[in-house]
Amino acid sequence: PIFMCSYNAVNGIPSCANKFLLQDVLRDYWGFADDRWVTSDCDAVSNIYSPHNYTNDPAQAAADALLAGTDIDCGTFSSTYLPDALQRGLVNTTDLRRAATRQYASLVRCVV
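If you count the sequence shown from 1, you need to add 2 to reach this note's numbering.
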């Protein structure tokens, strides 16, 4: 139960940083539940910073992706730059916990 955001931008916003696509459309309108998670295409989160130049620095790009609803990065960009984003207050532990919970919730199934 996963969804993958891609390299492209929609209306100037990279898809992995696009809260409208990932939250408003995918989760709210289409009903993509919280026991499902969003992964990036490989290196799509890094593309938010370069070549899209959507943010001024890599930590902001990783934060934007997480806050938009990208739960995991196919690559090492988020794991490299999210600690800096956390230290700078661009994301908080609740944001990180939400992404981790979505991933692990998909692994746990209650059988009655």
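A virtual CB, placed ideally from N, CA and C, is assigned to each residue, including glycine.
Checklist entry - Roughly how far, in whole angstroms, is the beta-carbon of A107 from the beta-carbon of D36, given that I think they are within contact range, below 8 Å? => result About 7 Å separates the CB atoms of A107 and D36; that is less than 8 Å, so the two are in contact.
Checklist entry - First and last residue of the beta strand (DSSP E) that includes I4? => result That run of the beta strand (DSSP E) goes I4 to C7.
Checklist entry - Which of the three DSSP states, helix, strand or coil, is assigned to A35? => result Residue state, collapsed to three classes: coil.
Next on the checklist: I'd like to know whether the C-beta atoms of T82 and V47 end up nearer to each other than 8 Å.
Outcome noted: no
Checklist entry - Across which residues does DSSP place S16 in a beta bridge pair? => result Here residue 16 is Pro; the residue named in the question, Ser, does not match the sequence. Bridge partners of P16: A11.
Checklist entry - What is the residue span of the alpha helix (DSSP H) that P85 lies within? => result F79 to Q89
Checklist entry - Does DSSP put S48 in a helix, in a strand, or in coil? => result helix
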